[in-house]
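Here is the structure we will look at.
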Amino acid sequence: MEQPPEQATSSRSQLMVRELLEERRDLLVQLNDLAGTTPGQKKHAATPQQLQQFCQLLVDYAATGHFGLYETIRNDGACQTEVWQMAERLYPEVTATTDALLRFNDKYNCDDQCIVGPELHGDLSTLGEALASRIELEDRITGPLCAGCEACLPA
146 MEQPPEQATS SRSQLMVREL LEERRDLLVQ LNDLAGTTPG QKKHAATPQQ LQQFCQLLVD
206 YAATGHFGLY ETIRNDGACQ TEVWQMAERL YPEVTATTDA LLRFNDKYNC DDQCIVGPEL
266 HGDLSTLGEA LASRIELEDR ITGPLCAGCE ACLPA
């Protein structure tokens, strides 16, 4: 049985939110793992491979929130006008957080050639602050889309 068009588009928005939340969860787990490493100690130091994997998740998450979520909301005829207006209003702030995420990626996405120095922990702290701001902004946008909806919950 096919869903009515408005329910299908609303489902697309909810599935996009679910994808965003799953990527966010994975990113925060890896951020926590990296933050728990100890600079200068081989036994607990972050490896270039860990950073590479983290940077890939970071870029995927940034793209999902910056492009995927906004495109889905804009193209979703079932989305309330208020949700789209809020997304448009918050877009400049989301863009600023995207820039911060990409700056971290540009610095640390260097394949196996990365030299992981003591500044990593300060950079992770700065990144964590940008992510906290971004999460708050995304939640303000996605909250109304998912009110009372289990389809948005991560698997």
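Residue 196 in the working numbering sits at position 51 of the sequence shown, with consecutive numbering throughout.
Even for Gly, the Cβ is constructed at its ideal location relative to N, Cα and C.
These figures come from a predicted structure and were not determined experimentally.
Are the beta-carbon atoms belonging to residue i and residue j less than 8 Å from one another?
i: Q197; j: N250; result: no
i: L176; j: L269; result: yes
i: G210; j: L165; result: yes
i: E168; j: Y206; result: yes
i: V172; j: L203; result: According to the sequence displayed, residue 172 carries Leu and not Val. For L172 and L203, yes; Cβs fall inside 8 Å.
Here's the rule I'm using: 16 or more other beta-carbon atoms within 10 Å means buried, otherwise exposed. How should residue i be labelled?
i: F212; result: exposed
i: Q258; result: exposed
i: L265; result: buried
i: E216; result: exposed
i: E147; result: Because E147 carries a pLDDT of 41, less than 50, the predicted location of this residue cannot be relied on, and the following value inherits that uncertainty. Its Cβ having fewer than 16 others within 10 Å, E147 is exposed.
i: A191; result: buried
i: Q201; result: exposed
i: L276; result: buried
i: L179; result: buried
i: R163; result: buried
i: I286; result: buried
i: P150; result: Its pLDDT being 42, under 50, P150 is placed unreliably by the model, and nothing is read from it.
i: D221; result: buried
i: F199; result: buried
Between the options, which lies nearest to residue i when the distance is taken from Cα to Cα?
i: I280; options: C259, C200, G262 and A241; result: A241
i: R157; options: I218, V204, A232 and L276; result: I218
i: E233; options: T192, E167, D256 and L282; result: L282
i: T226; options: L179, A277 and P289; result: P289
i: C291; options: V174, Q194, A208 and V228; result: V228
Helix, strand or coil for residue i, going by three-state DSSP, please let me know.
i: N220; result: helix
i: E167; result: helix
i: C259; result: coil
i: G213; result: helix
What first and last residue would you give for the alpha helix (DSSP H) that runs through residue i?
i: A191; result: A191 -> no alpha helix (DSSP H), and no H or E assigned at all.
i: T243; result: T226 to Y253
i: L265; result: E264 to C291
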